[in-house]
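Worksheet for the structure shown next.
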Amino acid sequence: AQTVTQSQPEMSVQEAETVTLSCTYDTSENNYYLFWYKQPPSRQMILVIRQEAYKQQNATENRFSVNFQKAAKSFSLKISDSQLGDTAMYFCAFMKQWTGNQFYFGTGTSLTVIP
Amino acid sequence: NAGVTQTPKFRILKIGQSMTLQCAQDMNHNYMYWYRQDPGMGLKLIYYSVGAGITDKGEVPNGYNVSRSTTEDFPLRLELAAPSQTSVYFCASSSAAGNTIYFGEGSWLTVV
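Those protein sequences? They're chains A and B, same order as listed. In terms of this note's numbering, the first sequence is residues 9 to 123. In terms of this note's numbering, the second sequence is residues 109 to 220.
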């Protein structure tokens with residue numbers, strides 16, 4: 009079975025600063041996908057960034073980037089120039105390739121951006 | 109620009125009552141899912157479907173049923189509601205295995 013671990017239940021960052029959220033996962037698969045999802049107080053789940061395991065290049069989306077270390081099974085999210093609207097719960101998720109049946113989610117990290 | 113639409117957004121049920129959470133997507137996605145999220149926890153998969161007429165159990169299916177008669181709709185049925193089913197329910201869809209999953213806005217269910 010796949011497991012996703014987010015070891016930081018809560019984090020805070022000053023506005024305009026940079027913060028990194030950690031995620032590790034355990035799998036015997038070689039091909040898979042990794043995701044970071046954001047869940048603001050409205051509870052809607054919003055895709056932040058996606059990474060294919062076969063790609064060595066780290067994914068980036070504007071102020072969001074990842075540090076994907078496949079051998080270490082680590083997938084951290086870096087948020088640069090933090091904004092108040094970044095305050096949310098962040099979930100790391102794993103999906104095996106060639107299967108659409110299940111995303112495995114971590115327990116989340118609650119991020120607060122302080123003005 | 110609707111995406112995944114869930115109804116109702118809020119519902120209070122009495123123990124033993126039944127109800128159906130509706131989910132519809134307009135993106136022609138084959139894959140649809142139902143998750144529940146308990147306070148302070150991640151999401152757990154209840155049921156999923158890989159296409160019309162095909163459904164399968166996820167991690168926590170007990171107390172729930174689903175059907176998938178069309179590509180667009182994936183209702184979740186709660187039979188004999190119990191307090192343990194108090195949760196936020198998310199419907200989601202994706203176009204193919206490995207592609208991004210799109211979530212609805214969630215349905216808050218309280219069983220008293």
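Heads up, the beta-carbon is just placed ideally off N, CA and C, and yes, glycines get one too.
- For chain B, the residues of the stretch 46-69 of chain A that bring a beta carbon within less than 9 Å of one of its beta carbons are Q47, S50, R51, Q52, M53, I54, L55, R58 and E60, in chain order.
- With fewer than three CB-CB distances shorter than 8 Å, the stretch 127-134 of chain B does not count as touching the stretch 44-53 of chain A.
- With 16 or more other CB atoms across the displayed protein chains lying within 10 angstroms of its CB, Q14 of chain A is buried.
- Here R176 of chain B is buried. Its C-beta has 16 or more other C-beta atoms within 10 Å.
- When 7 Å is used as the limit between beta carbons, F72 of chain A is near no residue of chain B, the shortest such separation being about 15 Å.
- Membership of A96 of chain A in the beta strand (DSSP E) is indicated by the continuous run A96 to K104.
- About 7 Å separates the beta carbon of T11 of chain A from that of Y33 of chain A, a gap short enough to meet the 8 Å contact definition.
- Take A101 of chain A, set aside five residues on each side of it, and the residues of its chain with a beta-carbon closer than 8 Å to its own are V12, L42, F43, W44, Y45, F111, Y112, F113 and G114, in chain order.
- For a Cβ distance threshold of 8 Å, residue set G148, M149 and G150 of chain B lies close to T115 of chain A, ordered along the chain.
- Between S88 of chain A and T26 of chain A the beta-carbon gap is near 5 Å, inside 8 Å, which marks them as a contact.
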